[in-house]
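Colleague: Chains as they are written, first to last, in the working numbering: chain G, 74 to 186; chain A, 74 to 186.
Note that beta-carbon positions come from the ideal geometry of N, C-alpha and C, so glycine has one too.
Everything numeric in this text was worked out from a predicted model, so none of it was measured.
2 protein chains.
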Amino acid sequence: MYSKELLKGTLKPILLKLLSDRGAMYGYEIVQAVKQMSLGKIVIKEGSLYPLLHALLAEGILETESRKVDGRTRKYYALSKKGKTETVSALGELEDFMSTIKLILTTKPTTQL
Amino acid sequence: MYSKELLKGTLKPILLKLLSDRGAMYGYEIVQAVKQMSLGKIVIKEGSLYPLLHALLAEGILETESRKVDGRTRKYYALSKKGKTETVSALGELEDFMSTIKLILTTKPTTQL
DNA sequence: TATTGATACATCATTTATCTATGCATCATA
DNA sequence: TATGATGCATAGATAAATGATGTATCAATA
Chain G
74 MYSKELLKGT LKPILLKLLS DRGAMYGYEI VQAVKQMSLG KIVIKEGSLY PLLHALLAEG
134 ILETESRKVD GRTRKYYALS KKGKTETVSA LGELEDFMST IKLILTTKPT TQL
Chain A
74 MYSKELLKGT LKPILLKLLS DRGAMYGYEI VQAVKQMSLG KIVIKEGSLY PLLHALLAEG
134 ILETESRKVD GRTRKYYALS KKGKTETVSA LGELEDFMST IKLILTTKPT TQL
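#1: Using 8 angstroms as the threshold, is the C-beta distance between A:K154 and A:L125 below it?
#2: Note down the Cα distance separating G:L135 from G:Y149, rounded to an integer number of angstroms.
#3: Could you pull the start and end residues of the beta strand (DSSP E) that G:E138 belongs to?
#4: Starting from the Cα of G:V142, find the closest Cα among G:Y99, G:K81 and G:D94 and give me that residue.
#5: Quick one: any contact between the region 167 to 175 of chain G and the region 110 to 121 of chain A, if contact means 3 or more CB pairs under 8 angstroms?
#6: Between G:G82 and chain A, is any beta-carbon pair separated by less than 8 angstroms?
#7: Closer than 7 angstroms, Cβ to Cβ, to anything on chain A: give me those residues from the region 131 to 157 of chain G, in chain order.
#8: With a cut-off of 8 angstroms on the beta carbons, I'd call G:A97 and G:A151 a contact; round off their distance for me.
#9: Please determine, among A:D94, A:T158, A:T180 and A:E78, the residue with the shortest C-alpha to C-alpha distance to A:G133.
#10: Put A:A151 into one of helix, strand or coil per three-state DSSP.
#11: If you drop the 5 nearest sequence neighbours on each side, which residues of the same chain put their C-beta closer than 6 angstroms to that of A:L89?
#12: Go ahead and label A:S111 buried or exposed: buried means 16 or more other beta carbons lie within 10 angstroms of its beta carbon, across all protein chains shown.
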């Protein structure tokens, strides 16, 4: 797990990317997938994920459908049409941001003002 | 400027990297340097920077020295010995985090569970 | 058969990094 | 003499994520 705050702002694009790749997913599955893909380094908390899912649902970015599997209810979330557009811009922004950070981190010390 | 929250957790390592590269710097100079290096995309607010500088000073990560230049007071901050160690781990963590995000963002859609 | 751990959803209070807004002061310029 | 750039500072607001907690089903095990 990374120091508390780095994750901020990255959860939403990560979620959108996952749904974009895999189609409909349910909460528990999302947590496991992120944990697995990040080699255990990113563990989304339920207290973070469910409010985010509900918010994106309310925004019309996600659509939902409940299915009963082995006596347990799973609530599947998928990208709406609007959500697919949103995903493109969210991922673009994150990648842009990361290159900016990378730029600062890799600037040679000799580059003085 | 990026959407509000992405910056969270990155300000400290960015600051440490800057001081590590350039030695002692003062607040206003730091804001300008980050703005310039990020091509205007990252603008640190004074309300964010000064409390951070004071906190790092209190932690013994930074050392300070005031100089009067052209009638204006500049408060220079530099890494302490402890701060140099801290910088190494902070930058390491940020880079590790970024590769993890990159890993998730670039995973091929065909990689299903 | 009782307990534990995994599965599955949910909410509420707390934390905390950053921003907004504001304040003060000096200097250069128009 | 007003404005913008330089320079430091703080207090209150914002909002994302966490921690803590709750409910319930199912599988494994002791």
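Modeller: This is what the structure holds:
#1: no
#2: 10 angstroms
#3: L135 to V142
#4: G:Y99
#5: yes
#6: yes
#7: none
#8: 4 angstroms
#9: A:T158
#10: strand
#11: T160 and A163
#12: buried
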